[in-house]
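Enquirer: Quick one: the structure is below, and I'll ask about it shortly.
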Amino acid sequence: MKFKIDQAELKASKIPHEIFLTNLIVNHILFFIAALGVAKSIPQLVALTPIISIATLSYILLHGKRIQKHAAWFVRCHWQIAINRSRIILFMLSALTALLSVIYAIHLYGDVPFAQVFPFAAIVTLPVMITILALILMESEALHFANSGQLSKGMVNKFPPPDSIIEIED
């Protein structure tokens, strides 16, 4: 659904999507691959990816809750979209951490060679990678929607617009 939204609100509604996309693309893809490239000499760099991600996602969650109290309806809706997607990636990162911890414990305490547990680590990482790619696509669309004054019907049904908002097309 498309609405008549002023430029200031359009600009403000893009912010959560830009932050989220920057985290996914720059941190989870570009930086993580670069960190893996130098992991033998500086292994701590790999740990920066989840730390930066959790900090960024926490900002979206905390600032989004504050925005919900005083921002315009359209801006609130787009922050809510980013909040929901931040929860998804946080859940996936938490599940990945738990599974990798179990695999590492099996390696340490079960006297299982690293070469035997490494394939399992790669397999449990795959759903997170797929989730990141799917969220990049979804957030790119949400950024386009924010720029053009659009929201999905599901979001509009969940958070109905005030009477002052003019709907341009359905």
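Position 150 of the sequence shown, counting from 1, maps to 136 under this note's numbering, and the rest follow consecutively.
Glycine is no exception: its CB is placed at the ideal position from the N, C-alpha and C atoms.
Evaluate the contact criterion for the stretch 13 to 24 versus the stretch 134 to 150: three or more CB pairs, one atom per stretch, below 8 Å.
Expert: Verdict: no, contact absent.
Enquirer: On the DSSP bridge assignment, give the partners of GLU153 in chain order.
Expert: For this step, residue 153 is matched to residue 167 along the sequence shown. In the DSSP output, where bridge partners are listed per residue, GLU153 has PHE(-11).
Enquirer: Can the beta-carbon of LEU79 be found less than 8 Å from the beta-carbon of VAL103?
Expert: Translated into positions along the sequence shown, residue 79 becomes position 93. Translated into positions along the sequence shown, residue 103 becomes position 117. Against a cut-off of 8 Å, the Cβ pair of VAL103 and LEU79 comes out as no contact.
Enquirer: To the nearest angstrom, how far is it from the Cα of LYS51 to the Cα of TYR90?
Expert: What you label residue 51 is simply residue 65 of the sequence shown in a count that begins at 1. What you label residue 90 is simply residue 104 of the sequence shown in a count that begins at 1. Spanning the two alpha carbons is a distance of roughly 36 Å.
Enquirer: Is it a yes or a no for the stretch 39 to 49 touching the stretch 121 to 133, going by three-plus beta-carbon pairs under 8 Å?
Expert: In short, these stretches do not touch, since the Cβ pair count stays below three.
Enquirer: With a CB to CB cut of under 7 Å and the five nearest residues on each side skipped, what residues in its chain are close to PRO36?
Expert: Taking the first residue of the sequence shown as position 1, residue 36 is located at position 50. The answer, listed in chain order, is LEU79.
Enquirer: Applying the 10 Å Cβ sphere with the 16-neighbour rule, what's the burial state of ILE118?
Expert: Taking the first residue of the sequence shown as 1, we reach residue 118 at position 132. ILE118 is buried by the Cβ-count criterion.
Enquirer: Looking only at its chain, what residues have a beta carbon closer than 7 Å to the beta carbon of ASN133, apart from the 5 residues adjacent to it on each side?
Expert: Here residue 133 refers to the residue found at position 147 of the sequence shown. Around ASN133: LEU(-4), LYS0.
Enquirer: Please report the distance separating the alpha-carbon of ILE154 from that of GLN54.
Expert: As a working mapping, residue 154 is identified with position 168 in the sequence shown. As a working mapping, residue 54 is identified with position 68 in the sequence shown. Answer to the nearest angstrom: the Cα atoms are 24 Å apart.
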